[in-house]
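The end of the sequence shown is residue 408 by the working numbering, with every number in the run present.
All C-beta atoms in this analysis are idealised placements derived from N, C-alpha and C, irrespective of residue type, glycine included.
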Amino acid sequence: MRRDNHRILTTHGGNLPRPKDLDDLIAQGARAAVDERLPGAVGEVVDLQIACGLDTVNDGEYVKAANMSGYAGYIHARVTGWETLPIEPGTPPKREYVAARDKAEFPGMYVSGLWLAGSGGPIRPGFSTPGAAPKMPTTERVCTSPITYTGQDAIAADIDALKTALTGREADGFIAALGPLSLGAGARNAYYPSEEDYMFAVAEALREEYRAITDAGLILQIDEPEFATTWQFHPSWTVEDLRRYLESAVEVINHSIAGLPAEQIRLHTCWGSGHRPHTQDIGLRHIADLLIKVNAGAYAIESGNVRHAHEWRVWEDVKLPEGKILIPGVVSHATDLVEHPELVAERLVNFAGVVGRENLHAGTDCGIGSRVGHEEIVWAKLRALAEGAVIAAERLRDK
10 MRRDNHRILT THGGNLPRPK DLDDLIAQGA RAAVDERLPG AVGEVVDLQI
60 ACGLDTVNDG EYVKAANMSG YAGYIHARVT GWETLPIEPG TPPKREYVAA
110 RDKAEFPGMY VSGLWLAGSG GPIRPGFSTP GAAPKMPTTE RVCTSPITYT
160 GQDAIAADID ALKTALTGRE ADGFIAALGP LSLGAGARNA YYPSEEDYMF
210 AVAEALREEY RAITDAGLIL QIDEPEFATT WQFHPSWTVE DLRRYLESAV
260 EVINHSIAGL PAEQIRLHTC WGSGHRPHTQ DIGLRHIADL LIKVNAGAYA
310 IESGNVRHAH EWRVWEDVKL PEGKILIPGV VSHATDLVEH PELVAERLVN
360 FAGVVGRENL HAGTDCGIGS RVGHEEIVWA KLRALAEGAV IAAERLRDK
């Protein structure tokens with residue numbers, strides 16, 4: 010990842026608003042037309058990011074949307090080994106869902122259905138409506154055969170679209186790919202002799218996609234929110250239980266990137282994008298020292314929302330390894346309010362004081378294209394991010 014002695018470089022977390030005509034084609038299920046439209050749409054979103062002042066840009070995660078499968082589902086067309094099977098009566102779930110601890114504290118909110126709303130948007134289609142209890146799943150993903158990567162053609166097309174869009178433009182490119190925990194940990198293993206064997210097989214399969222991205226000279230962003238959200242999945246765990254699990258999780262993630270150039274890899278984690286209280290999120294102070302054991306060149310972490318904006322001070326005690334970069338989210342996807350550039354600058358100056366300006370990039374908490382209420386707000390937030398980074402760099406030069 011690039012460094013700059015005079016500026017604070019800027020990026021973002023992932024998904025971005027899509028052109029209406031692309032969304033219409035996706036809604037129609039017009040697969041061939043979607044595939045034809047995607048390269049041009051990627052070019053457009055790259056230009057929009059650069060116009061906002063971003064230095065490291067992506068394809069808007071349009072491919073994931075085009076597969077009509079959301080943040081994580083796209084990968085199931087690229088990795089085989091699982092089946093969707095009925096849940097046997099009386100079978101306990103492998104784990105709870107992402108907000109189990111919050112639900113225990115705010116049961117009324119979860120019965121109301123309001124937790125299904127986006128941070129600025131309406132109830133998501135396909136979910137319960139307000140006033141109805143969340144629907145319990147009747148099926149689950151089960152690993153029943155060898156985990157195998159089959160997405161070579163798909164990732165090659167993703168890479169080609171982004172590299173074509175970057176031709177002649179002054180920006181670096183990144184592609185976000187799902188992390189091994191987020192792909193495998195929630196599914197039940199019925200094939201491999203142990204959970205460890207299963208998760209390492211998931212890691213090895215994903216390494217094929219990861220290697221394709223780094224071999225192409227692009228930055229790989231491993232999306233691994235489960236590093237922070239696993240605490241919610243297991244409400245009976247103690248902090249010590251979580252830390253033991255994350256020690257093994259670090260080994261799994263490192264296995265997935267073994268042999269790949271760390272300087273082209275950034276790990277992203279967050280506390281989940283759900284519109285919920287987040288009072289039960291695990292504190293960064295409990296996991297930061299484990300996070301930096303992942304052999305990545307940079308760590309992108311949610312730092313702008315009101316439950317976590319104060320945690321920049323954690324880095325006073327947890328020292329960023331030499332040569333690594335921190336990418337704190339200084340613009341949040343959890344509100345439609347557009348952060349003032351001065352607030353962005355203040356946040357960045359705080360981080361620079363504890364990790365060093367030379368080890369700092371500016372980012373967003375997470376992907377903001379699907380959570381902020383309107384695309385105009387998304388672009389305004391990204392412009393505020395870039396403007397705030399300029400202000401912060403000027404202040405730090407004066408010190």
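Just how far apart, CA to CA, sit residue i and residue j?
i, j, result
"I301", "W246", "22 Å"
"L352", "H370", "16 Å"
"E320", "N359", "10 Å"
"L329", "L31", "41 Å"
"D224", "L190", "23 Å"
"P28", "I168", "20 Å"
"T288", "A402", "33 Å"
"L94", "E235", "23 Å"
"A81", "Y219", "15 Å"
"A126", "D250", "Its pLDDT being 45, under 50, A126 is placed unreliably in this model, and the coordinates cannot settle the point."
"N391", "H383", "The residue you asked about is not Asn; residue 391 is Leu in the sequence shown. Roughly 13 Å between the two C-alpha positions."
"A258", "E272", "21 Å"
"L255", "L299", "7 Å"
"T147", "E233", "26 Å"
"R150", "D68", "29 Å"
"A389", "T373", "13 Å"
"P116", "V261", "34 Å"
"I17", "R406", "11 Å"
"G193", "G23", "21 Å"
"H295", "A113", "21 Å"
"G378", "T238", "21 Å"
Determine the DSSP secondary structure at residue i, reduced to helix, strand or coil.
i, result
"A185", "strand"
"I228", "strand"
"R322", "helix"
"T288", "coil"
"Y158", "strand"
"P134", "The predicted position of P134 is uncertain, since its pLDDT is 37 and thus under 50; a value taken from the coordinates is nonetheless stated next. Looking at P134 - three-state DSSP - the assignment turns out to be coil, as it is neither helix nor strand."
"N314", "coil"
"N304", "coil"
"I380", "In the sequence as displayed, the identity of residue 380 is Arg instead of Ile. Coil at R380, not helix or strand."
"H243", "coil"
"L255", "helix"
"G365", "coil"
"L309", "At residue 309 the sequence reads Ala, which differs from the Leu that was named. In this structure, A309 counts as strand in the three-state DSSP scheme."
"H295", "helix"
"G372", "strand"
Taking C-beta to C-beta, are residue i and residue j nearer than 7 Å?
i, j, result
"A180", "I59", "yes"
"N263", "N304", "yes"
"V88", "Y158", "yes"
"G306", "I274", "yes"
"V323", "A354", "no"
"W91", "C152", "yes"
"C61", "A395", "yes"
"Y200", "S154", "yes"
"V55", "V66", "yes"
"L34", "V43", "yes"
"G338", "G313", "yes"
"P350", "I386", "no"
"P286", "R110", "no"
Could you tell me if residue i is buried or exposed, where buried requires 16 or more neighbouring beta carbons within 10 angstroms of its beta carbon?
i, result
"Q230", "buried"
"S128", "Per-residue confidence for S128 stands at a pLDDT of 39, beneath the threshold of 50, marking its modelled position as unreliable; no derived number is given."
"L175", "buried"
"R46", "buried"
"I266", "buried"
"T19", "buried"
"T173", "exposed"
"N14", "exposed"
"S282", "buried"
"G226", "exposed"
"P26", "buried"
"R11", "exposed"
"D290", "buried"
"D206", "exposed"
"S341", "buried"
"A309", "buried"
"P51", "Position check: residue 51 holds Val in this sequence, whereas Pro was assumed. Looking at its Cβ environment, which holds 16 or more other Cβ atoms inside 10 Å, V51 is buried."
"E325", "exposed"
"A398", "buried"
"A141", "Below a pLDDT of 50, predicted positions are generally treated as unreliable, and A141, at 48, falls in that range; the measurement from the model is reported next regardless. Answer is exposed; the Cβ neighbour count stays below 16."
"A41", "exposed"
"G376", "buried"
"R356", "buried"
Is residue i near the ligand FAD, with its Cβ less than 6 Å from a heavy atom?
i, result
"I291", "The ligand FAD is not part of the structure shown, which contains no ligands of any sort."
Within 7 Å (strictly less), CB to CB, does residue i reach chain D?
i, result
"W388", "Of the chains in the structure shown, none is chain D; there is only one protein chain."
Exercise for review: Give, in chain order, every unbroken run of the beta strand (DSSP E) that is at least 3 residues long and sits entirely within the segment 316-362.
Suggested key: 334-340
**Study point:** Inside the segment 15-45 only - alpha helix (DSSP H) runs reaching at least 4 residues
**Key:** 29-37
**Study point:** Contained beta strand (DSSP E) runs [length at least 3] in the segment 43-117, N- to C-terminal order
**Key:** 88-95
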